[in-house]
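Notes follow once the structure below has been shown.
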Amino acid sequence: MTKCKRTYNLLLFLYVLYQMLTKEDQENKCYNLQGQKQQKLSLWSTVETRCSCGREQGKQQQLKKSGLQGAVKEFQMNNQTDVTEFIFLGFSNHPHLQGLFFLVFLVIYLTTFLGNTLIIMATRVSLALQTPMYYFLSNLSFLDICYTSTTIPVMLVNFFREKKTISYEGCLSQIFFLVTCAGTECVLLAAMAYDRYAAICHPLQYPIFMSVKVCVCLVTGSWLCGLVNSLTHTVLAATLTLCGPNQISHFLCDIPLLLKLSCSDTSVNESVLHAASATIGLSPCLFTAVSYILIISAILRIPSAQGRSKAFSTCASHLTVVVVFYGTANLNYDQPREGYSLDMDILVSVLFCVMTPVLNPIIYSLRNKEVKGALRKLFGGCVLSGNTNA
Numbered sequence: 001m002t003k004c005k006r007t008y009n010l011l012l013f014l015y016v017l018y019q020m021l022t023k024e025d026q027e028n029k030c031y032n033l034q035g036q037k038q039q040k041l042s043l044w045s046t047v048e049t050r051c052s053c054g055r056e057q058g059k060q061q062q063l064k065k066s067g068l069q070g071a072v073k074e075f076q077m078n079n080q081t082d083v084t085e086f087i088f089l090g091f092s093n094h095p096h097l098q099g100l101f102f103l104v105f106l107v108i109y110l111t112t113f114l115g116n117t118l119i120i121m122a123t124r125v126s127l128a129l130q131t132p133m134y135y136f137l138s139n140l141s142f143l144d145i146c147y148t149s150t151t152i153p154v155m156l157v158n159f160f161r162e163k164k165t166i167s168y169e170g171c172l173s174q175i176f177f178l179v180t181c182a183g184t185e186c187v188l189l190a191a192m193a194y195d196r197y198a199a200i201c202h203p204l205q206y207p208i209f210m211s212v213k214v215c216v217c218l219v220t221g222s223w224l225c226g227l228v229n230s231l232t233h234t235v236l237a238a239t240l241t242l243c244g245p246n247q248i249s250h251f252l253c254d255i256p257l258l259l260k261l262s263c264s265d266t267s268v269n270e271s272v273l274h275a276a277s278a279t280i281g282l283s284p285c286l287f288t289a290v291s292y293i294l295i296i297s298a299i300l301r302i303p304s305a306q307g308r309s310k311a312f313s314t315c316a317s318h319l320t321v322v323v324v325f326y327g328t329a330n331l332n333y334d335q336p337r338e339g340y341s342l343d344m345d346i347l348v349s350v351l352f353c354v355m356t357p358v359l360n361p362i363i364y365s366l367r368n369k370e371v372k373g374a375l376r377k378l379f380g381g382c383v384l385s386g387n388t389n390a
């Protein structure tokens with residue numbers, strides 16, 4: 001009996017011990033599950049925290065980027081509105097010669113203005129000059145007056161200034177008139193070459209080829225080409241963003257000089273400039289060259305020396321003007337980039353913008369007997385009218 005009781009107590013003890021161990025194991029499993037859940041929750045919260053931090057950093061970067069872009073745009077706009085004038089550096093290397101420069105350019109301007117004005121008056125007054133050739137010449141003289149009046153007066157005023165400036169609007173206006181006159185003269189010289197070709201190569205059909213209607217159309221077309229070309233360049237130049245500096249290494253405003261000061265994209269301006277150089281500049285030059293090749297070949301076929309001399313004298317003045325104009329234009333716009341010199345650049349530009357207009361009336365008056373005769377009659381009539389009034 002006692003032995004059975006002992007066995008029962010032993011089994012009961014083992015059962016209780018088993019229950020205790022089983023409960024502890026379940027508690028450990030529950031604790032582990034809770035720990036895993038807490039780890040998962042902490043990991044998820046870490047991921048969420050990192051994602052939120054990443055999103056916040058991305059937002060901050062976007063804000064910084066947008067703020068930087070806005071600041072750049074605002075900086076560009078501020079600089080664009082701040083550029084209200086340009087400073088010319090031309091002739092600034094010789095401050096002690098400003099008075100001499102003023103006198104020289106004043107004489108050149110007065111000579112250009114008076115010489116071309118006399119040619120216009122002579123072609124209007126003299127009946128011998130009522131021909132297509134002198135109709136073109138009077139328009140060329142008017143162009144030269146406009147050309148020099150756009151540049152030289154500003155130079156004369158700046159010679160007495162320590163700071164040689166021009167306003168933003170004045171710079172655009174100068175570009176407009178300069179490009180208009182230059183483009184019109186290119187096309188007009190080609191029209192004058194066609195007139196000489198028709199007179200020498202087709203003398204019998206000359207009245208038909210160069211009727212009044214044809215002459216008016218050629219002159220009007222020349223002016224329209226110059227105006228459209230100039231208006232296009234001026235409008236494109238007005239859209240440029242100017243970020244400074246506002247110093248122009250020249251004595252005038254020109255499109256290539258303004259493009260160097262721009263901080264915006266100038267590809268459209270450069271493309272239009274190249275296209276205009278090919279159409280308004282190169283095409284008339286090639287047309288003039290071909291016309292004179294045909295003219296010279298026709299002159300060489302004339303049997304008599306006197307006939308050849310007379311035929312050549314009718315186009316010698318125009319040929320000289322063409323060589324001077326296109327030669328100085330080529331030097332002005334096709335200079336080598338290496339070995340750049342401000343003084344040399346100024347000298348070439350003076351030859352193109354200032355000396356060409358003053359040489360045109362001299363060339364036509366010295367080499368043309370009809371022009372000299374008309375000027376004598378003009379001066380003689382003025383003297384006679386003055387004596388009569390006295």
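full-length UniProt numbering puts the first residue of the sequence shown at 1, with every later residue one more than the last.
For glycine and all other residues, C-beta sits at the position ideal for the given N, C-alpha and C.
Per DSSP, T165 is paired with what? Residue numbering aside, residue 165 sits at position 165 when the sequence shown is read from its first letter. Beta-bridge pairing links T165 to I87.
Got a sec, what are the start and stop residues for the alpha helix (DSSP H) Q98 sits in? As a position in the sequence shown, residue 98 is number 98, starting the count at 1. Run containing Q98: 98 to 125, per the alpha helix (DSSP H) assignment.
If you run the structure through DSSP and keep just helix, strand and coil, what is Q205? Within the sequence shown, the letter at position 205 stands for residue 205. If DSSP states are grouped into helix, strand and coil, Q205 belongs with coil.
Helix, strand or coil for S264? Go by DSSP, reduced to three states. Start at 1 with the first residue of the sequence shown, and residue 264 comes out as number 264. Coil at S264, not helix or strand.
When burial is assigned at 16 or more other CB atoms within 10 Å of the CB, is G327 buried or exposed? Numbered from its first residue, the sequence shown carries residue 327 at position 327. G327 is exposed by the Cβ-count criterion.
Where does C53 sit, in a helix, a strand or coil, going by DSSP? Locating residue 53 in the sequence shown gives position 53, counting from the first residue. Note that C53 has pLDDT 48, beneath the 50 cutoff, so the model's placement of it is unreliable and the number below is only indicative. Three-state DSSP puts C53 in a helix.
For C217, count neighbouring C-beta atoms within 10 Å of its own C-beta (all shown protein chains included) and say buried if the count is 16 or more, exposed if not. Taking the sequence shown and counting its residues from 1, the one referred to as residue 217 is at position 217. C217 is exposed by the Cβ-count criterion.
Validate contact between the segment 349 to 368 and the segment 317 to 326 using beta carbons, cut 8 Å, 3 pairs: yes
Could you check the C-alpha separation between L282 and D345 for me, to the nearest Å? Along the sequence shown, read from residue 1 onward, the residue named residue 282 stands at position 282. Along the sequence shown, read from residue 1 onward, the residue named residue 345 stands at position 345. Distance between the alpha carbons of L282 and D345 is about 22 Å.
Would you kindly work out how many angstroms separate the C-alpha atoms of V272 and R376, rounded to a whole number? Working through the sequence shown from its first residue, we reach residue 272 at position 272. Working through the sequence shown from its first residue, we reach residue 376 at position 376. The straight-line gap from Cα to Cα measures roughly 47 Å.
C-beta atoms of Y101 and F86 nearer than 7 Å: If you number the sequence shown from 1, residue 101 lands on position 101. If you number the sequence shown from 1, residue 86 lands on position 86. Note that residue 101 is Phe in the sequence shown, not Tyr. Not closer than 7 Å, so no.
Report back the beta-carbon spacing between D144 and P357 to the nearest angstrom; my notes put them in contact at under 8 Å. As a first step, residue 144 is located in the sequence shown; it is residue number 144 there, counting from the start. As a first step, residue 357 is located in the sequence shown; it is residue number 357 there, counting from the start. Indeed they touch by this definition, with Cβ atoms about 4 Å apart.
Starting from C243, trace the alpha helix (DSSP H) in both directions and tell me its first and last residue. Along the sequence shown, read from residue 1 onward, the residue named residue 243 stands at position 243. Taken as a continuous stretch (DSSP letters only), C243 belongs to no alpha helix (DSSP H), as it is neither H nor E.
DSSP state of P303, grouped into three classes? Counted from its first residue, the sequence shown places residue 303 at position 303. Three-state DSSP puts P303 in coil, outside helix and strand.
Three-state secondary structure assigned by DSSP to residue 467: The first residue shown for the chain is 1 and the last is 390, placing residue 467 beyond what the model contains.
Between N360, V354, K372, N368, which lies nearest to I108 when the distance is taken from Cα to Cα? The residue labelled residue 108 in the question sits at position 108 within the sequence shown. Here the closest residue by C-alpha is V354.
Quick one: using the 10 Å Cβ neighbour count with 16 as the cut-off for buried, is G183 buried or exposed? As a position in the sequence shown, residue 183 is number 183, starting the count at 1. Buried, because 16 or more other Cβ atoms sit within 10 Å of the Cβ of G183.
Quick one: Cα of V212 to Cα of P132, how far? Mapped onto the sequence shown, residue 212 falls at position 212. Mapped onto the sequence shown, residue 132 falls at position 132. When rounded, the distance between both Cα atoms is 8 Å.
From D254 to I296, what does the alpha carbon distance come to, in whole angstroms? Here the question's residue 254 lines up with position 254 in the sequence shown. Here the question's residue 296 lines up with position 296 in the sequence shown. The alpha-carbon atoms of D254 and I296 are separated by roughly 36 Å.
A289 versus N158, Q306, Y194, Y134, residue with shortest Cα-Cα distance: Along the sequence shown, read from residue 1 onward, the residue named residue 289 stands at position 289. Of the candidates N158, Q306, Y194, Y134, the one whose C-alpha sits nearest the C-alpha of A289 is Y194.
Within 10 angstroms of the Cβ of I208, are there 16 or more other Cβ atoms? Answer buried if so, exposed if not. What you label residue 208 is simply residue 208 of the sequence shown in a count that begins at 1. I208 is exposed by the Cβ-count criterion.
Is it buried or exposed for R196, if we count other Cβ within 10 angstroms and need 16 for buried? Mapped onto the sequence shown, residue 196 falls at position 196. R196 comes out buried.
Which residue from S138, C225, L97, T314 puts its Cα closest to that of T117? Translated into the one-based positions of the sequence shown, residue 117 becomes position 117. Of the listed residues, the one whose Cα sits closest to T117 is S138.
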